[in-house]
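Q: Quick one: this structure, given as structure tokens, is what I'll be asking you about.
Residue numbers (our numbering): 338 to 816.
Now the structure itself:
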């Protein structure tokens, strides 16, 4: 045996007298989290769900903290979470468990979901309370909200599906327009009220939706729609839908929810071109929010521009006389209301005599048509008002913040906080997963920035002045 080589012999079991406080490093993240937020608010949220009789339950704060540990440290299996807590002293300290205390079994989560938490809003209330704590710490500016969605792979086999025929009626926006116009729209478009659609339905998870949007992967997914405040990127709202829907229909509803229920007085919104619909522009305008949204020309307009054909932008709308003027100075008169693909608008057409010998006919009318038809959506002026902001200094500022915050949050959540795919089935359970992923992200930022000197609140006129000053100093023309 080499004289300098030490060999550890089998040690006897010894009785040790230690303090849990001494075993957890002073700078551990869970120590900072425990100091940053008091989780006793969970008792008030959970109390109505527990009976006055029967055996004492497991502490609800312990249950919530256990789930939170899984999302903070990327443990996506509740069986594995139980095993990790069993051997991790820092986790035990955070939960208030001594070394000899038994860790709650993983089945406690599924049983509580099935018996106690089903059809309740407890996880939403916990999320909203964390958002309130972030606001109290000064991490939410409340001026500008950015919103986007990301897909989450469902726990469903793509080949285990069936095709179903869905009968879809008019959407909420269409019904609202009909009410605002005294039922006139429904009378004119009664034959287009119902739409038949063939969709794929998963036999494993019927609530998941088949997504086939380029360049995203095809398959059964859920969509997580998230709103964030631009000051520190705190997630202020989470909403989950099947993967076969678009982003726009839920935008106004979720921002209105935040203004009313969460008391966040947003005045500006930054969204991508997927939200560039008249319904979104009009809804945000009614909420008193100025929207910064890139123009989405659509596939048809892009196809026509590539071939040198006229698009709707080449036709001038005469507001006073409610008519369109074509590039050849001919009038398109209003003839009634038209509904197509959940878009409701006023229809304008030319006279066939005007188009018959028009020198621009080949650039305007397709096929054998002998007149031009243009549709103008109701409240399209709200969309045009927001389109006028595209390219301004504030527009560029908000778009940069939207890209960094929305894409950055999703990337971090998918890499570290269990948002890449789901082991659960059903939209309610996926909603829980997305809420806890956002809670974990918000708490990390509360720990990081909650005790640090806050960034000064900057109003948007000040932002504009700073951008203009920077442009002058660099002698760069951004407009």
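Each residue gets a CB set at the ideal place from its N, CA and C atoms; glycine is no exception.
Keep in mind that this is a model prediction, so the values were computed, not measured.
1) Over the uninterrupted alpha helix (DSSP H) stretch that includes residue 383, give me the two end residues.
2) Is residue 779 helix, strand or coil by DSSP?
3) If you draw a straight line from the alpha carbon of residue 722 to that of residue 383, how long is it in whole angstroms?
4) Between the Cα of residue 585 and the Cα atoms of 485, 598, 643 and 499, which residue gives the shortest distance?
5) Under 6 angstroms Cβ to Cβ from residue 633, same chain only, skipping five residues before and after it: list those, please.
6) Would you check if the distance between the CB atom of residue 708 and the CB atom of residue 695 is smaller than 8 angstroms?
7) Write down every uninterrupted run of the beta strand (DSSP E) in the segment 599 to 665 whose length is 3 residues or greater and which is fully enclosed by it, in chain order.
8) Leaving out five residues before and five after residue 527 in sequence, what residues of the same chain have Cβ atoms less than 7 angstroms from its Cβ?
9) Can you tell me whether residue 354 is helix, strand or coil according to DSSP?
10) On a Cα-Cα basis, can you pick out the residue from 729, 774, 760 and 767 that is closest to residue 749?
11) What does the alpha-carbon distance come out to for the pair residue 346 and residue 356?
12) Should residue 605 and residue 569 be called a contact, given that it needs their Cβ atoms to be closer than 8 angstroms?
13) Quick one: what's residue 558 bridged to in DSSP?
14) Return the residue from the list 665, 655, 643 and 683 that minimises the CA-CA distance to residue 673.
15) Taking the continuous beta strand (DSSP E) assigned at residue 821, which residues delimit it?
16) Would you please state the rounded distance, in angstroms, between the beta carbons of residue 400 and residue 465? I believe it to be under 8 angstroms.
17) What do you get for residue 488, buried or exposed, if any count of 16 or more other CB atoms within 10 angstroms of its CB means buried?
18) Ends of the alpha helix (DSSP H) at residue 466?
19) With a cut-off of 8 angstroms, do at least 3 Cβ pairs link the segment 450 to 460 to the segment 542 to 561?
20) Could you say which of 784, 566, 588 and 583 lies nearest to residue 741 if we only look at CA atoms?
21) Counting only beta-carbon separations shorter than 8 angstroms, does residue 725 have a partner in chain D?
22) Going by C-alpha to C-alpha distance, which of 544, 341, 631 and 777 sits closest to residue 728?
23) Closest to residue 597 by CA distance: which of 479, 455 and 716 is it?
24) What's the call for residue 746, buried or exposed, on a 16-neighbour Cβ count within 10 Å?
25) CB residue 772 to CB residue 374, shorter than 8 angstroms?
26) Starting from the C-beta of residue 426, find all residues in its chain whose C-beta is less than 6 angstroms away, skip the five residues before and the five after it, and write them out in chain order.
27) In chain order, what residues of the same chain lie with their CB nearer than 7 angstroms to the CB of residue 751, ignoring the 5 residues before and after it?
28) Using the three-state DSSP reduction, which class does residue 667 fall into: helix, strand or coil?
29) Who are the near neighbours of residue 376 in its chain, counting only those whose CB is closer than 8 angstroms to its CB and skipping five residues on each side?
30) Classify residue 681 as helix, strand or coil using the three-state DSSP reduction.
31) Residue 538 bridges to which residues according to DSSP?
32) For residue 551, name the three-state secondary structure that DSSP assigns.
33) Go through its chain and collect everything with a Cβ distance to residue 524's Cβ below 7 angstroms, but skip five positions before and after it.
34) Return the chain-ordered list of same chain residues with a C-beta closer than 8 angstroms to the C-beta of residue 641, the five sequence neighbours on each side being excluded.
35) Under three-state DSSP, which class holds residue 760?
A: Based on what the coordinates show:
1) Note, residue 383: alpha helix (DSSP H), 378 to 383.
2) Secondary structure of residue 779 (DSSP, three-state): helix.
3) Their backbone Cα atoms lie some 46 angstroms apart in a straight line.
4) Ranking 485, 598, 643 and 499 by Cα distance to residue 585 puts 485 first.
5) These residues qualify, in order along the chain: 610 and 613.
6) No, the pair does not count as a contact, with Cβ atoms beyond the cut-off.
7) Counting whole runs of 3 or more residues, the segment 599 to 665 contains the beta strand (DSSP E) stretches 605 to 607, 627 to 629, 653 to 655 and 660 to 662.
8) Residue placement at residue 527 is poorly supported in this model, since its pLDDT is 49, which falls under 50; the coordinates still yield a value, given next. If we look at residue 527 and ignore the five residues flanking it on each side, it has no Cβ neighbours.
9) In this structure, residue 354 counts as coil in the three-state DSSP scheme.
10) Cα-wise, what sits closest to residue 749 is 774.
11) Just so you know, the alpha carbons of residue 346 and residue 356 end up roughly 27 angstroms apart.
12) For residue 605 and residue 569, no; Cβs fall outside 8 angstroms.
13) For residue 558, which the question treats as bridged, DSSP gives the partners 490 and 546.
14) Looking at the Cα atoms, 683 is the closest of the given residues.
15) There is simply no residue 821 to check, as the chain begins at 338 and stops at 816 in what is shown.
16) With a Cβ gap of about 18 angstroms, residue 400 and residue 465 do not count as contacting.
17) Note on residue 488: 16 or more other CB atoms within 10 angstroms of its CB, so buried under the neighbour-count rule.
18) DSSP places residue 466 in the uninterrupted alpha helix (DSSP H) bounded by 459 to 473.
19) Flag = no, the segment 450 to 460 and the segment 542 to 561 do not touch.
20) For residue 741, the nearest C-alpha among the options comes from 566.
21) Among the chains in the structure shown there is no chain D, since it carries only a single protein chain.
22) If you compare the alpha carbons of 544, 341, 631 and 777 with that of residue 728, the shortest gap goes to 631.
23) Nearest Cα to residue 597 within the set 479, 455 and 716: 479.
24) With 16 or more other Cβ atoms within 10 Å, it is buried.
25) No, these two residues do not count as a Cβ contact at 8 angstroms.
26) For residue 426, where only same-chain residues beyond five positions count, the Cβ hits under 6 angstroms are 360.
27) Correct list, in chain order: 757.
28) In the three-state reduction of the DSSP assignment, residue 667 falls in the coil class.
29) If we look at residue 376 and ignore the five residues flanking it on each side, its Cβ neighbours are 398, 401 and 402.
30) Judged by DSSP in its simplified three-state form, residue 681 adopts strand.
31) According to DSSP, residue 538 shares a beta bridge with 499.
32) Note: residue 551 maps to coil in three-state DSSP.
33) In this predicted model, residue 524 has a pLDDT of only 47, less than 50, meaning its place in the structure is not dependable; the value taken from the coordinates is given anyway. The beta carbon of residue 524 is closer than 7 angstroms to none in its chain, skipping five residues each way along the sequence.
34) Once the five neighbours on either side are set aside, the close Cβ partners of residue 641 are 647 and 648.
35) Three-state DSSP puts residue 760 in coil, outside helix and strand.
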